[in-house]
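Some notes on the structure that comes next.
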Amino acid sequence: MAEIAEDTDALGLPAEAEGNLEGWLFPSTYTFNPDVEPAEMLSTMVSTTIKMLDKYDVAEEDRERILTIASLVEKEAKKDEDRPMIAGVIMNRLDIDMMLQFDSTVKYIAPSEGVWTSEEDRLIDSPYNTYMYTGLPPTPIAAPGEASIEAAVNPADHDYTYFVTVNLETGETAYATNLEDHLANVEILNQWVAENQSSDDEE
60 MAEIAEDTDA
70 LGLPAEAEGN
80 LEGWLFPSTY
90 TFNPDVEPAE
100 MLSTMVSTTI
110 KMLDKYDVAE
120 EDRERILTIA
130 SLVEKEAKKD
140 EDRPMIAGVI
150 MNRLDIDMML
160 QFDSTVKYIA
170 PSEGVWTSEE
180 DRLIDSPYNT
190 YMYTGLPPTP
200 IAAPGEASIE
210 AAVNPADHDY
220 TYFVTVNLET
230 GETAYATNLE
240 DHLANVEILN
250 QWVAENQSSD
260 DEE
């Protein structure tokens with residue numbers, strides 16, 4: 060399978076992906092014949108992603124960027140209603156050259172248990188470390204579904220530059236326009252964690 064995945068031209072992977080399948084294998088339920096070749100399966104997933112991007116009129120030169128933003132939304136959002144909101148936060152931060160500081164990008168290069176990354180993880184020198192580098196990571200970090208792609212194409216219009224999930228069970232997310240309000244929201248999360256679970260538990 061690894062060798063097949065490396066022949067990305069045969070899978071129909073667009074040139075803008077630069078040979079990286081990450082983000083281009085659309086997550087869905089597929090029905091294949093028992094004797095289907097792995098290359099056909101991967102090719103179908105890639106073509107489904109392209110069809111989805113075309114559905115939302117994403118220009119070829121913007122596909123990789125939209126998929127990258129959508130992949131961040133996919134990893135960060137707990138509820139569909141938050142996807143366009145979080146996409147809006149991403150856009151607002153990019154517009155003012157503010158670091159994204161997403162644990163999800165750090166976990167992409169340093170997978171770990173639990174909700175948060177460690178200080179050691181956040182010191183890893185990698186273009187995927189959005190605590191260290193401004194802007195988007197160089198590629199998608201996950202395979203986004205349609206809701207995340209739509210959110211990346213049509214982000215909510217607001218002034219928020221911060222968000223945090225304040226209830227890890229319900230996925231309730233709070234937004235803020237400044238650090239002071241954000242830290243108050245983080246304290247709500249800390250209180251929820253103290254009352255409900257260890258900080259080392261999974262979301």
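When you read off a place in the sequence shown, starting at 1, and then add 59, the result is the number in this note's numbering. Virtual Cβ for every residue (Gly too), placed ideally from N, Cα, C.
Report task. Would you mind sorting N213 into buried or exposed? The rule is 16 or more other CB atoms within 10 Å of its CB. Result -> exposed
Query - Which of helix, strand or coil DSSP assigns to A233 - result: strand
Query raised in the report: What are the boundary residues of the beta strand (DSSP E) that T88 is part of?
Result: Neither: T88 is in no beta strand (DSSP E) and is coded neither H nor E.
**Report entry** F222 - partner residues in DSSP beta bridges
**Finding:** Y234
Query raised in the report: Should the stretch 149-167 be called in touch with the stretch 108-118, which here means at least 3 C-beta pairs below 8 Å?
Result: no
Query raised in the report: Do A118 and S207 have their CB atoms nearer than 9 Å?
Result: no
Query raised in the report: Candidates L195, D94, E123, Y89: which alpha carbon is nearest A74's?
Result: E123
Query raised in the report: How close, in whole Å, do the beta carbons of I128 and S163 come, if the pair is a contact with beta carbons under 8 Å?
Result: With 8 Å as the limit, I128 and S163 do not qualify as a contact, their Cβ atoms being about 12 Å apart.
Query raised in the report: Counting only runs that start and end within the stretch 95-151, where is the alpha helix (DSSP H) found for 4 or more residues in a row?
Result: 97-114, 122-135
Report task. Kindly indicate which three-state DSSP category T37 falls into: helix, strand or coil? Result -> The first residue shown for the chain is 60 and the last is 262, placing residue 37 beyond what the model contains.
Query - Cα-Cα separation, T224 to D66 - result: 39 Å
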